[in-house]
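Asker:
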Amino acid sequence: MEKMPKWADVALIPLINLAIAFVLSALVIWAIGEDPWKAVKLMVSGALGSTYGWGYTLYYATNFLFTGLAVAVAFQASLFNIGGEGQAVMGGLGVALVCLFIPFPHWSVALVFALAGGALFGAAWAFLPAYLQAKRGSHIVITTIMFNFIAASLLNYILVNLLRPQGSMDPASATFPESTHLPTFHDMLAPLGIAFSKSAPVNISLPIGLVLAVGVWFLLWRTRLGYEIRAFGKNQDASTYAGISTVRITIIAMMISGAISGMMSINNTMGESERLILNSAEGAGFIGIAVALMGRNHPFGVALAALLFGFLYQGGGELALWTKIPRELITVIQALVIMFTGALDNMVRDPIERAFIRRAKRKKQRQQEQGQQEAAG
Amino acid sequence: MDYISILQIFDSAVRLATPLLLACLAGLFSERAGIFDIGLEGKILVSAMFAAAVSTMTGTVWLGLLAGLLGSLVFSLIHGLASITFRGNQLISGVALNFLASGITVLISESWFGLGGRTPGLSGAERFLPIELPLAESLSGLPVLGPLYKELISGHTLLVYVALLMVPVSWFVLYRTRFGLRLRAVGENPAAVDTAGISVVRLRYASMVIAGLLCGLAGVYLSTGLGAGFGKEMSAGRGYIALAALIFAKWRPWYALGATMLFGLLEAIANRYQNIDLGGFIVPVQFMQALPYILTVIILAGFVGKAIPPRAGGQPYVKER
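Protein chains in written order, with my numbering: chain A, 1 to 377; chain B, 378 to 698.
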């Protein structure tokens, strides 16, 4: 069976998918009576034109990097984890409890504990759906959706009844103590003599996320567990015959996924809002799906896709500020990206694959004819 | 608690259950044909927006109804295109359609009306109004049955009665017609249906059309019957609750009625009482809101009867060569 070259699979097809999604988005902008070209220029200058813009773009990208990696790990085991949102929300609770109730001498100690707290709560929230899938055959997509709603209600209850400071009307926790505040890029780059916007929320979570991406790559492609996860994802029956435990891999892959989602909260809860608020994840768990699909479930691809979505998010915010295009345009773009890179992938893949195979065949034929001619001559 | 307030809670339960029931039946047709439909939520939302928008622009709810059905139908057919024709991942397609609906409804209504993603409020002929069943007033004097008839059975909008009627209709279509038999077969074993010379693709598209129309009704009811106008994210997770009800109902029409009524009742109770005091122990309102989801997980876990989905659900059908 002829196959198309690898570069077409990992780069050409995603780019075509993305291009279709963007062209359709431009048509949407045009249809609601705005100028797509002007919109693009505004998005670029708003998201990338200043260190302030970059600061927000990278801050959002950090969120999506975490959730994208989370979804990708589960996808590698062919588990569709829609529960990243709930896991991130619960991770936020873990981070908040650590920051509120343990007195820390320095932010770096606090960060280690917060990472552990977020990971623990996120993984715990992913455990039950994973267990039910592995042991009782409950469909993980449905259970993780249900767990998103349950997490939202639970957090609402905890914030309103338990964590809300007395006298406050806001369903939010108290502000975290000073010693847990993470350094932003402004703080980190100032000693190097680089001026970075003071009000942009991008912080030390971004380098941590990048280290995590390398860690995920190492886990998936350089360890025995990662091999088992990928083998399980490719073919469950074969991997079961090879002695890989279905229950173990399902639960471990989902808990790793949940832990990574939970760790996202060091960026938004600890780094930005510095207190726990309702709906703290702001849909980042869902954007993780688009990011993982676009990044082809590879940490490097996920990092690039996270940056792209960070740009879209910040640029979309600028659009909403300066034009009549609502913020929800980002949701539309996100939907189109998921649609074309995920569900309608075959629409682009099939014709391209056929074209490559045809070309390869023709080349072979020509070589054969040439060979015959030479033999005859 | 007196009789009348119990009746009022049940009355509100029926109204809240109606969109769930319609969406649940939509999911039933789709999943029985072997196509997972996570996109119920999005279809409800799109239909609600178009129904309210066209109602307010034309002044008649009937054109709104048509627009709502059409919007939902288009979404359903996109889902069909992705999952039947291009054999894509049905779950991913559903997720994408939900996001598309959540964004595009705000974009369109903001562009048409400039009210921050709302449509103008509907009134009069722009809405489906409650129908007084005959004799409701004169019979209300009867003890027990009179108020029951007046409060609970009479005084709903047309779509509520249509939704209730759809339960026996769905049952009949699925279990007493040739089409229904084939539809159920295609969700269990499409290869067998194909071998019998029946088009799998056509059957599955038919199920998409039915699901689109039923979900459309749910959305139309939401913005022109239950509510009076469209608001951002007004479906508020109802599509997911309908999905939960579908599992609860084990993919059967009559059970779907029971499951959606139960979830409607839970919502009605949560709306009426903020925190429920059970003799010293207070049930928080958040627990009531989460209860449908918790129940679904318990059902899914198979602790209360096993819910077995259609066997070919979620798999694209590839013809043997």
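Quick reminder that beta carbons are idealized off the backbone N, C-alpha and C, glycines included.
Which residues bound the beta strand (DSSP E) around Asp654 (chain B)?
Answerer: Ile653 to Leu655
Asker: Please work out which residues of its chain come closer than 6 Å, Cβ to Cβ, to Val695 (chain B), disregarding the five sequence neighbours upstream and downstream, and give them in chain order.
Answerer: none
Asker: Which residue marks the beginning of the beta strand (DSSP E) containing Ile659 (chain B), and which one marks its end?
Answerer: Phe658 to Val660
Asker: Whole angstroms is fine: what's the gap from Val40 (chain A)'s alpha carbon to Gly46 (chain A)'s?
Answerer: 10 Å
Asker: Helix, strand or coil: how does DSSP classify Ile204 (chain A) here?
Answerer: Note: Ile204 (chain A) maps to coil in three-state DSSP.
Asker: Quick check: the Cα distance between Tyr157 (chain A) and Ile624 (chain B), rounded to an integer number of angstroms?
Answerer: Distance between the alpha carbons of Tyr157 (chain A) and Ile624 (chain B): 27 Å.
Asker: Does DSSP classify Ile277 (chain A) as helix, strand or coil?
Answerer: strand
Asker: Applying the criterion that 16 or more other CB atoms from any shown protein chain within 10 Å of the CB defines a buried residue, is Met1 (chain A) buried or exposed?
Answerer: Because Met1 (chain A) carries a pLDDT of 48, less than 50, the predicted location of this residue cannot be relied on, and the following value inherits that uncertainty. Exposed, because fewer than 16 other Cβ atoms sit within 10 Å of the Cβ of Met1 (chain A).
Asker: Going by C-alpha to C-alpha distance, which of B:Ile421, B:Glu503, B:Leu642 and B:Leu620 sits closest to Ala429 (chain B)?
Answerer: B:Glu503
Asker: Do we get a CB-CB distance below 9 Å when we pair Met1 (chain A) with the residues of chain B?
Answerer: For Met1 (chain A), the predicted structure reports a pLDDT of 48, less than 50, and the residue's modelled location is therefore unreliable. A value from the coordinates is still provided. Answer no: the Cβ-Cβ gap between Met1 (chain A) and chain B never drops below 9 Å.
Asker: Going by DSSP, name the residue or residues bridged to Ile508 (chain B).
Answerer: B:His533
Asker: Under three-state DSSP, which class holds Ala633 (chain B)?
Answerer: The three-state secondary structure of Ala633 (chain B), taken from DSSP, is helix.
Asker: Is the CB-CB distance between Thr57 (chain A) and Leu278 (chain A) below 9 Å?
Answerer: no
Asker: Which residues in chain A sit within 7 Å of Val483 (chain B), going by Cβ to Cβ distance?
Answerer: Pro326 and Glu328
Asker: Is there a Cβ from chain B that is less than 9 Å from the Cβ of Thr250 (chain A)?
Answerer: no
Asker: Tell whether a beta-carbon distance below 9 Å holds between Val73 (chain A) and Ile260 (chain A).
Answerer: yes
Asker: Less than 9 Å between the beta carbons of Gly285 (chain A) and Asn148 (chain A), yes or no?
Answerer: Going by C-beta atoms, Gly285 (chain A) is nearer than 9 Å to Asn148 (chain A).
Asker: Check the C-beta distance from Leu155 (chain A) over to Val89 (chain A) and give it rounded, since I have them as a contact under 8 Å.
Answerer: Going by Cβ atoms, the distance from Leu155 (chain A) to Val89 (chain A) rounds to 5 Å, so yes, they are a contact pair.
Asker: Does Tyr694 (chain B) get closer than 9 Å to chain A when you measure Cβ to Cβ?
Answerer: no
Asker: Taking the DSSP output, what are the residues bridged to Thr184 (chain A)?
Answerer: A:Asn203
Asker: Give every residue of the same chain whose Cβ lies closer than 6 Å to the Cβ of Arg495 (chain B), excluding the five residues on either side of it in the sequence, and list them in chain order.
Answerer: Apart from sequence neighbours up to five positions away, the residues of its chain that approach Arg495 (chain B) with a beta-carbon distance below 6 Å are Gly608, ordered along the chain.
Asker: Going by DSSP, which residues form a beta bridge with Ala172 (chain A)?
Answerer: Looking at the DSSP output, Ala172 (chain A) bridges to A:Ile277.
Asker: Show which residues of chain B have a CB atom less than 9 Å away from the CB atom of Ile150 (chain A).
Answerer: The answer, in chain order, is Ala667, Tyr670, Ile671 and Val674.
Asker: What would DSSP say about Phe286 (chain A), mapped onto helix, strand or coil?
Answerer: It is helical.
Asker: List, in order along the chain, the chain A residues whose C-beta lies closer than 7 Å to that of Val701 (chain B)?
Answerer: Because residue 701 (chain B) is not part of the residues shown, which for chain B are 378 to 698, the question remains open.
Asker: Look at the alpha carbon of Asn475 (chain B) and the alpha carbon of Lys198 (chain A), and state the distance between them as a whole number of angstroms.
Answerer: When rounded, the distance between both Cα atoms is 37 Å.
Asker: Can you check which of these residues, B:Tyr632, B:Leu499, B:Val660 and B:Val674, is closest to Gly405 (chain B) by C-alpha distance?
Answerer: The amino acid occupying residue 405 (chain B) in the given sequence is Leu; Gly does not appear at that position. Taking only the C-alpha atoms, the option nearest Leu405 (chain B) is B:Tyr632.
Asker: Look at the alpha carbon of Met665 (chain B) and the alpha carbon of Leu643 (chain B), and state the distance between them as a whole number of angstroms.
Answerer: 7 Å
Asker: Kindly indicate if chain B contains any beta-carbon less than 9 Å away from that of Gln87 (chain A).
Answerer: Proximity of Gln87 (chain A) to chain B, defined by a Cβ-Cβ separation below 9 Å, is not satisfied.
Asker: With Pro351 (chain A) as the anchor, note down where its alpha helix (DSSP H) starts and where it stops.
Answerer: Asp345 to Ala376
Asker: Just how far apart, CA to CA, sit Leu15 (chain A) and Thr240 (chain A)?
Answerer: 35 Å
Asker: Within 10 Å of its beta-carbon, does Phe658 (chain B) have 16 or more other beta-carbons around it, so buried, or fewer, so exposed?
Answerer: Classified as exposed, Phe658 (chain B) has fewer than 16 neighbouring CB atoms from the shown chains inside 10 Å of its CB.
Asker: Do you know whose CA, among B:Ala478, B:Ile618 and B:Trp628, lies nearest Thr673 (chain B)'s CA?
Answerer: Measuring from the Cα of Thr673 (chain B), the nearest candidate turns out to be B:Ile618.
Asker: Where does Phe413 (chain B) sit, in a helix, a strand or coil, going by DSSP?
Answerer: coil
Asker: Short of 7 Å in beta carbon distance, which residues of its chain neighbour Tyr582 (chain B), apart from the five on each side in sequence? Order them along the chain.
Answerer: Gly457 and Ile461
Asker: For the alpha helix (DSSP H) containing Gly295 (chain A), list its first residue and its last residue.
Answerer: Premise fails: Gly295 (chain A) is in no alpha helix (DSSP H) and is neither H nor E.
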